[in-house]
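Residue 21 is where the sequence shown starts when you use our numbering, and the numbers rise one by one after that. Ideal placement from N, C-alpha and C gives every residue a C-beta, glycine not left out. Being a predicted model, the structure only gives us computed values, none of them experimental.
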Amino acid sequence: MPFSDFIGNPETVDRLREMLARGHFPPAVSLAGARGSGKYTLALMLARAMNCLERPMPSRNLESPSLFEQPPLISSEIASAATSENSSSSSALPDFCGHCSNCARIAVAGDLDARFAEAVEARENLRETDKKETRIFVQTHPDVLVIPPDPPQMMIKVDQVRHVIQSIYYRPAEAREKVYIFTSSAFMKEAANSLLKVLEEPPEFATIFLLTENPGELLPTIRSRAMVFTLGALAVTEVEGRLAEMRPDWNPRQRALIARLSEGALGRALSFDLESYVAARTHALALLKSALGASDHSELFKTTESYRPGAEGREKIESLLRTLYLLLEDVMFLQSGTGKLVRNTDIQGELKKIADSTDFAWVRRAAEGLGEVERGLRRNLIRSLSLDAFAAALEPGA
Ligand SMILES: [Zn+2]
């Protein structure tokens, strides 16, 4: 039963499947949740459940075996039976086989990073004039279109939405339901306005998924036309348990750390780059210690000098800033007696030293200083300079 492979948020998943069972799937669904919470995985599972050619029979003996056939002929008794037996009804809800030709082709889109990279590379190889007019899509089934943000701006562009409009009103060729998945809610203004027009008059045989880390980023007029489902964070213990099954190559200490750092998003935990994180954290710690006068400044300058301008340097400094915020939060947890919330458990001793030698006001000043560095970054100030200024501003007595 492939939906059983989806980890976490069982109530949300069941509600979506119940709507499928009743044949009342909304024309637009927004799946909201943190990076790595499973939004895309779930959208592709629903696309397969809508279009599977060999749907597994429900294991419960419902009166009508045609529960999931099109058009849906469901008596109100059956519909309510599917919802009222919450604890045991999952197996009676629509599922997908995972191996029919529709399931198999849709599944190829599952590795979004790889498919996206292929599409970008294909565009790179076009003639200069065609390149400008080509937008990035991922399509592994004629009736299922994935629309990722288009580089280099990494926004959904109006030409992408226009392409959706051109095809969405034609009946599906090989599927029962056409599916469109927008993987980001960063829409250019004109693109958002075009999308709105589709949402106002959606065809009955198409479903649009809008994936978003923050539903507030969608235009209110778009949000109001989509049904929003949120994938909440998993408990740290649950993530840790899953990692033990799925990543036995990581040691328990690594798994414990990653479970705490991935903020309840299993997808993020599974793809966590611990090595880069630890590298950024080493720099972040050096910066904090230097600020406290615990180490000599030459070390700090060596560190910040490696943060050079350019795309790579920018990425590096952004991950440094994120790590600094995390460390400051951990320091705050220790200062406020809630040490069990600390995420960087493996360096708790060092964090405790920082917590003991500073106070709340210092942490607040540090967080403000980081905000300053971020603003400088947006104005493209020389990175190392603003980092040094940040550290200097935190010295005792500053
Ligand atoms: Zn199938």
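Residue i burial status per 10 Å Cβ neighbour count (16 or more: buried)
i: G284; result: buried
i: K209; result: exposed
i: G391; result: exposed
i: L361; result: exposed
i: G236; result: exposed
i: D25; result: exposed
i: L347; result: buried
i: Q186; result: exposed
i: T302; result: exposed
i: R142; result: Per the sequence shown, the amino acid found at residue 142 is Ala instead of Arg. Exposed.
i: A134; result: exposed
i: L146; result: exposed
i: A411; result: buried
i: R280; result: buried
i: A139; result: buried
i: D163; result: buried
i: S310; result: buried
i: K198; result: buried
i: D131; result: exposed
i: Y200; result: buried
i: D115; result: buried
i: S108; result: Residue placement at S108 is flagged as unreliable, the pLDDT there being 47, under the threshold of 50; a coordinate-derived value is accordingly withheld.
i: A69; result: buried
i: N71; result: buried
i: T61; result: buried
i: T358; result: exposed
i: E89; result: Per-residue confidence for E89 stands at a pLDDT of 46, beneath the threshold of 50, marking its modelled position as unreliable; the derived number appears in the next sentence. It is exposed - the Cβ of E89 has fewer than 16 other Cβ atoms within 10 Å.
i: K177; result: buried
i: E295; result: exposed
Any non-hydrogen atom of ligand 1 within 6 Å of residue i CB
i: F116; result: yes
i: E74; result: yes
For residue i, the nearest candidate out of the options (CA to CA)
i: L407; options: R143, E224 and I337; result: I337
i: Q173; options: R155, P162, F23 and E74; result: R155
i: D379; options: P169, R398 and V351; result: V351
i: R216; options: V184, P192 and L354; result: Rather than Arg, the amino acid found at residue 216 in this sequence is Leu. Answer by Cα proximity: V184.
i: A387; options: L73, E349 and Q274; result: E349
i: E144; options: A48, D170 and S205; result: D170
i: E31; options: K177, I278, T257 and G252; result: G252
i: P192; options: V33, Y60 and H161; result: H161
i: S111; options: M77, A137, L36 and E295; result: M77
i: L113; options: S291, K177 and L36; result: L36
i: D366; options: T250, I278, S296 and L165; result: I278
i: M175; options: S204, Y189, A41 and D150; result: S204
i: W382; options: G359, R55 and L308; result: L308
i: R125; options: E370, R395 and V158; result: V158
i: N122; options: E153, E74, F136 and F353; result: E74
i: S291; options: G333, G313 and V259; result: V259
i: L56; options: I228, E233, A206 and R196; result: First, the amino acid is wrong: residue 56 is Gly here, not Leu. Selected option, being the one with the closest Cα: E233.
i: A129; options: Q368, V166, Q355 and T257; result: V166
Helix, strand or coil at residue i according to DSSP, with G and I counted as helix
i: Q159; result: strand
i: S204; result: coil
i: F23; result: helix
i: F292; result: coil
i: L216; result: helix
i: M65; result: helix
i: D133; result: helix
i: M174; result: coil
i: N29; result: coil
i: H44; result: coil
i: E332; result: helix
i: S110; result: helix
i: M39; result: helix
i: V140; result: helix
i: G357; result: coil
i: C123; result: helix
i: G396; result: helix
i: G389; result: helix
i: M352; result: helix
i: D34; result: helix
Residues that residue i bridges to, as DSSP identifies them
i: K198; result: A226
i: S187; result: Beta-bridge pairing links S187 to no other residue.
i: S50; result: L230 and V248
i: L165; result: Y200
i: D19; result: The question about residue 19 has no answer, for the chain in this structure spans 21 to 418.
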